[in-house]
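Residue numbers (our numbering): 250 to 471. From the three backbone atoms N, C-alpha and C, an ideal C-beta is built for every residue, glycine too. Data first, discussion second: the structure below is written as structure tokens.
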């Protein structure tokens, strides 16, 4: 009877220990510094580390966006081990959901960048001008990093799935952005579909009207 009476408290204690260990094992958010990079205010990161991860494989944009974010926070390329299970395992990388109105999401984006933390953003499907399957979407600008600065390229954003959307890692903001009147196009992202263009880092300006506020719009670092 004495041994049996101890089993339940021991099980509770061990469960509490395991819970604490799992919490401690989850990556914590470090902080990068915002800095001017040829006219775009970006979090500090090693562009070659991001390029080494490369562009997404099919259907894994969320996982790649998560790897870029952890690479920036940790200062070393993230393999993504343990962070995929038929979708990105956000908590395994120390990221958690934030939902709100568009203005709320934009404010949170701004605050997280000011605190030195990249944000993973869910974009909804729209159409792309000049691409046969997506004829109505407005083109935006992509910026390729060169030795002399950014090369601005008017490039249609990669089309997103109408069912699943598309995940990008927001890492920068326009230096002229007004914190009281933010727009999606004030922000710059590492797009898993186009982060590396022939081995050159590319960042993409978000399009207005594309943050998917109805479907888990932001993942933010704990």
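Could you pull the start and end residues of the alpha helix (DSSP H) that residue 300 belongs to? Mapped onto the chain shown, residue 300 falls at position 51. Counting along the chain, the alpha helix (DSSP H) containing residue 300 begins and ends at 296–302.
Just to confirm the assignment, what range does the beta strand (DSSP E) spanning residue 284 have? Within the chain shown, the letter at position 35 stands for residue 284. That run of the beta strand (DSSP E) goes 283–286.
Within the continuous beta strand (DSSP E) that includes residue 400, where are the two ends? Looking up residue 400 in the chain shown gives position 151. Where residue 400 is concerned, the enclosing beta strand (DSSP E) stretches over 398–404.
Compare the beta carbon distance of residue 449 and residue 393 with 8 Å and say whether it is the shorter of the two. Reading the chain shown from its first residue, position 200 is the one you call residue 449. Reading the chain shown from its first residue, position 144 is the one you call residue 393. The answer is yes: Cβ separation under 8 Å.
If you draw a straight line from the alpha carbon of residue 439 to that of residue 467, how long is it in whole angstroms? The sequence position of residue 439 within the chain shown is 190, counting from 1. The sequence position of residue 467 within the chain shown is 218, counting from 1. Their backbone Cα atoms lie some 15 Å apart in a straight line.
Report yes or no: do the stretch 423–434 and the stretch 292–306 share at least 3 C-beta pairs separated by less than 8 Å? no
Got a sec, what are the start and stop residues for the alpha helix (DSSP H) residue 449 sits in? Here residue 449 is taken as the residue at index 200 of the chain shown, counted from 1. Where residue 449 is concerned, there is no enclosing alpha helix (DSSP H), although the beta strand (DSSP E) it sits in stretches over 449–454.
Spatially closest choice to residue 454 from 339, 470, 465, 421, by CA coordinates: For the purposes of this step, residue 454 is identified with residue 205 of the chain shown, where counting begins at 1. Nearest option by C-alpha distance: 421.
Suppose the cutoff is 6 Å on Cβ atoms and the five residues either side in sequence are ignored; what does the same chain contact list for residue 331 look like? Stepping through the chain shown from its first residue, residue 331 is reached at position 82. Closer than 6 Å at the Cβ level, and outside the excluded window around residue 331, lie 341.
Can you grab the Cα-Cα spacing for the pair residue 337 / residue 324, in whole Å? By 1-based counting over the chain shown, the position of residue 337 is 88. By 1-based counting over the chain shown, the position of residue 324 is 75. Their Cα atoms are separated by approximately 20 Å.
Grab me the residues of residue 347's own chain with a C-beta within less than 6 Å of its C-beta, minus the 5 sequence neighbours each way, in chain order. Start at 1 with the first residue of the chain shown, and residue 347 comes out as number 98. 357, 467, 469.
Taking the alpha-carbon positions, what's the residue 290 to residue 390 distance? Mapped onto the chain shown, residue 290 falls at position 41. Mapped onto the chain shown, residue 390 falls at position 141. CA-CA distance, residue 290 to residue 390, rounds to 16 Å.
Look up residue 290 in the DSSP assignment and give the residues it is bridged to. As a first step, residue 290 is located in the chain shown; it is residue number 41 there, counting from the start. In DSSP, residue 290 forms a bridge with 285, 422.
I think residue 318 touches residue 418, with their Cβ atoms under 8 Å apart; what is that distance to the nearest whole Å? Numbered from 1 along the chain shown, position 69 holds the residue referred to as residue 318. Numbered from 1 along the chain shown, position 169 holds the residue referred to as residue 418. Right, their Cβ atoms sit about 5 Å apart.
Within the same chain, show all residues whose beta-carbon is closer than 7 Å to that of residue 364, passing over the 5 residues directly before and after it, in chain order. By one-based count along the chain shown, residue 364 stands at place 115. Cβ neighbours of residue 364 beyond the five flanking positions: 280.
Who does residue 439 pair with in a DSSP beta bridge? For the purposes of this step, residue 439 is identified with residue 190 of the chain shown, where counting begins at 1. 418, per the DSSP bridge assignment.
Residue 369: first and last residue of the uninterrupted beta strand (DSSP E) it sits in: As a working note, residue 369 is residue 120 in the chain shown. Per DSSP, residue 369 belongs to the beta strand (DSSP E) from 368–372.
Going by alpha carbons, who is nearest to residue 343 out of 352, 353, 327? For the purposes of this step, residue 343 is taken as the residue at position 94 of the chain shown. Here the closest residue by C-alpha is 327.
Does the distance from the CB of residue 299 to the CB of residue 446 come in under 8 Å? Walking along the chain shown from the start, residue 299 turns up at place 50. Walking along the chain shown from the start, residue 446 turns up at place 197. No; because the gap between Cβ atoms is not below 8 Å, this pair is not in contact.
Return the bridge partner residues of residue 312 from the DSSP annotation. Taking the first residue of the chain shown as position 1, residue 312 is located at position 63. Answer is none; residue 312 lacks a bridge partner.
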